[in-house]
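Engineer:
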Amino acid sequence: MKNQTENSSYAKVNGISISYIDEGPREGLVIIFIHGFPLNKSMWREQIDSLKGHFRAVAYDIRGHGESNAEATDFSIDQFADDLMGLMDYLKLKRAIFCGLSMGGYIALTAMEKHPNRCEGLVLCNTQCTADTEEAKEKRKKAALSIQQNGVDKYAEVNLKNLFTKESFSKRKNVVKRVREMMTSTSKSSLLRSLQALAGRRETCGKLSEIDVPVLITTGRKDPITPPPKAELMHRKIKNSALYIFENSGHLSNLEYPYKFNDQLIRFLNTIKKKTGIPKVNVSL
Ligand code: MLT
Numbered sequence: 500m501k502n503q504t505e506n507s508s509y510a511k512v513n514g515i516s517i518s519y520i521d522e523g524p525r526e527g528l529v530i531i532f533i534h535g536f537p538l539n540k541s542m543w544r545e546q547i548d549s550l551k552g553h554f555r556a557v558a559y560d561i562r563g564h565g566e567s568n569a570e571a572t573d574f575s576i577d578q579f580a581d582d583l584m585g586l587m588d589y590l591k592l593k594r595a596i597f598c599g600l601s602m603g604g605y606i607a608l609t610a611m612e613k614h615p616n617r618c619e620g621l622v623l624c625n626t627q628c629t630a631d632t633e634e635a636k637e638k639r640k641k642a643a644l645s646i647q648q649n650g651v652d653k654y655a656e657v658n659l660k661n662l663f664t665k666e667s668f669s670k671r672k673n674v675v676k677r678v679r680e681m682m683t684s685t686s687k688s689s690l691l692r693s694l695q696a697l698a699g700r701r702e703t704c705g706k707l708s709e710i711d712v713p714v715l716i717t718t719g720r721k722d723p724i725t726p727p728p729k730a731e732l733m734h735r736k737i738k739n740s741a742l743y744i745f746e747n748s749g750h751l752s753n754l755e756y757p758y759k760f761n762d763q764l765i766r767f768l769n770t771i772k773k774k775t776g777i778p779k780v781n782v783s784l
């Protein structure tokens, strides 16, 4: 394992080893956290700690990230979504709430599209339903070239600036450090293959009107990668959705504003509990 300090378990899924953490009560709602690119499951630590007294919380490393390994084949968002289903099968989970940030959101939406009966609710954080434009694909090609020429550390240094607000570089140094470590511990090969998967992903906007589970959509007002109009578009298309914009946040709202983020998450989970008849809980943040 690279930089994680989690007590991980491992599941054999689709021919690879998926590393995950699974905390909280065995009964009731299950929420599965899906991290962004190029991070790992430890980005959800503050959420899991806040939820685990009342909800079962699972977070896992996407193949090639964190402690999960990968075969020497191309990556795709479809493959990542199949791995999520494989992990649910391994854990014997019929249904769960998917909470994905950015790339994690692409995976959640793809899994929802392919297997709607496995999804009990969606939390779409700092993400979008649109596919890459030609310009975005070009940027990814340039990023890949730069990784090949200048290495992963340089890539992390440049791209960290897109993930956090300026303020976080002085006020949240530990969080920035943690994220830098997540980025630099991802292998060059995984970075390159994930960039390809991101560039090749399908749009999921066309199917959003079919979603009939509760959905919470969040983003940061200052998120340059998935700004509010991306979230508003999904909100308009998904009938059962709520939208929350974190006013001062950039791309990693759960890490920049964990208390506010957890508050929104718990409110949302309580609405699902109410619908399913499970008593609502007061969770101290
Ligand atoms: C992420 O945070 O997962 C990435 O920024 C997603 C993307 O580049 O499309």
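Quick note on the working numbering: the sequence shown kicks off at 500 and runs consecutively. Glycine included, C-beta positions come from ideal geometry on N, C-alpha and C.
Under 8 Å by Cβ, that's how I've got ILE530 and PHE554 pegged, so tell me the actual separation to the nearest angstrom.
Structural biologist: About 6 Å; that satisfies the 8 Å criterion.
Engineer: Output the distance between the C-alpha atoms of GLU545 and LYS736, rounded to the nearest integer angstrom.
Structural biologist: Near 30 Å, if we compare the C-alpha coordinates of LYS736 and GLU545.
Engineer: What number of angstroms, rounded off, separates the C-alpha of SER575 from the C-alpha of SER693?
Structural biologist: Cα to Cα, the separation comes out at about 7 Å.
Engineer: Name the residue from PHE760, THR775, LYS738 whose alpha carbon lies nearest to the alpha carbon of ILE744.
Structural biologist: Of the listed residues, the one whose Cα sits closest to ILE744 is PHE760.
Engineer: DSSP three-state label for SER516, please.
Structural biologist: Strand, per DSSP.
Engineer: Just to confirm the assignment, what range does the beta strand (DSSP E) spanning ALA558 have?
Structural biologist: Run containing ALA558: 555-559, per the beta strand (DSSP E) assignment.
Engineer: Suppose only complete runs of 3+ residues qualify. What are the beta strand (DSSP E) ranges in the region 565-633, listed by chain order?
Structural biologist: With a minimum length of 3 residues, the continuous beta strand (DSSP E) runs that stay inside the region 565-633 are 595-600, 618-624.
Engineer: In angstroms with no decimal places, state the Cα-to-Cα distance between SER541 and ALA558.
Structural biologist: Their backbone Cα atoms lie some 8 Å apart in a straight line.
Engineer: Hey, would you say ILE771 sits closer than 8 Å to ILE596, going by beta carbons?
Structural biologist: The answer is yes: Cβ separation under 8 Å.
Engineer: To the nearest angstrom, how far is it from the Cα of GLU709 to the Cα of THR703?
Structural biologist: Rounded to whole angstroms, GLU709 to THR703 spans 11 Å at the Cα level.
Engineer: Is PRO601 a contact residue of the ligand MLT, with contact defined as CB to any heavy atom under 7 Å?
Structural biologist: The question names Pro, but residue 601 is Ser in the sequence shown. Under cutoff, so the answer is yes.
Engineer: Reducing DSSP to helix, strand and coil, say where GLU746 ends up.
Structural biologist: Here GLU746 sits in coil by DSSP.
Engineer: When you measure from the CB of PHE536 to every non-hydrogen atom of the ligand MLT, does any distance come out below 7 Å?
Structural biologist: Yes - the ligand MLT has a heavy atom lying nearer than 7 Å to the Cβ of PHE536.
Engineer: Reducing DSSP to helix, strand and coil, say where ASP762 ends up.
Structural biologist: Three-state result, ASP762: helix.
Engineer: Quick check: what's the CA-CA separation for LEU538 versus LYS593?
Structural biologist: Looking at the two C-alpha atoms, the distance is approximately 27 Å.
Engineer: Give me the Cα-Cα distance between HIS705 and HIS564, rounded to the nearest whole angstrom.
Structural biologist: Note that residue 705 corresponds to Gly in the displayed sequence, not to His. Those two C-alpha atoms are separated by around 29 Å.
Engineer: Flag HIS750 as yes when its Cβ comes closer than 7 Å to any non-hydrogen atom of the ligand MLT, and as no otherwise.
Structural biologist: Under cutoff, so the answer is yes.
Engineer: Using only the alpha-carbon positions, how far apart do THR685 and LEU659 sit?
Structural biologist: Looking at the two C-alpha atoms, the distance is approximately 14 Å.
Engineer: Do you know how far the Cα of LEU583 is from the Cα of HIS614?
Structural biologist: If you take the alpha carbons of HIS614 and LEU583, they lie about 11 Å apart.
Engineer: For GLY535, which option in THR725, CYS618, GLU746, ASN739 has the closest C-alpha, if you only look at C-alpha atoms?
Structural biologist: Measuring from the Cα of GLY535, the nearest candidate turns out to be THR725.
Engineer: Looking at the secondary structure, which residues open and close the beta strand (DSSP E) in which ILE533 lies?
Structural biologist: Note, ILE533: beta strand (DSSP E), 529-533.
Engineer: Whole angstroms is fine: what's the gap from CYS628's alpha carbon to GLU526's?
Structural biologist: Roughly 32 Å between the two C-alpha positions.
Engineer: Just how far apart, CA to CA, sit ASN753 and ALA741?
Structural biologist: Their Cα atoms are separated by approximately 17 Å.
Engineer: For TYR509, I'd like the list of residues in its chain whose CB is within less than 6 Å of its CB, leaving aside the five on either flank, ordered along the chain.
Structural biologist: Correct list, in chain order: SER516, SER518.
Engineer: Could you check where the alpha helix (DSSP H) with THR787 kicks off and where it finishes?
Structural biologist: The question about residue 787 has no answer, for the chain in this structure spans 500 to 784.
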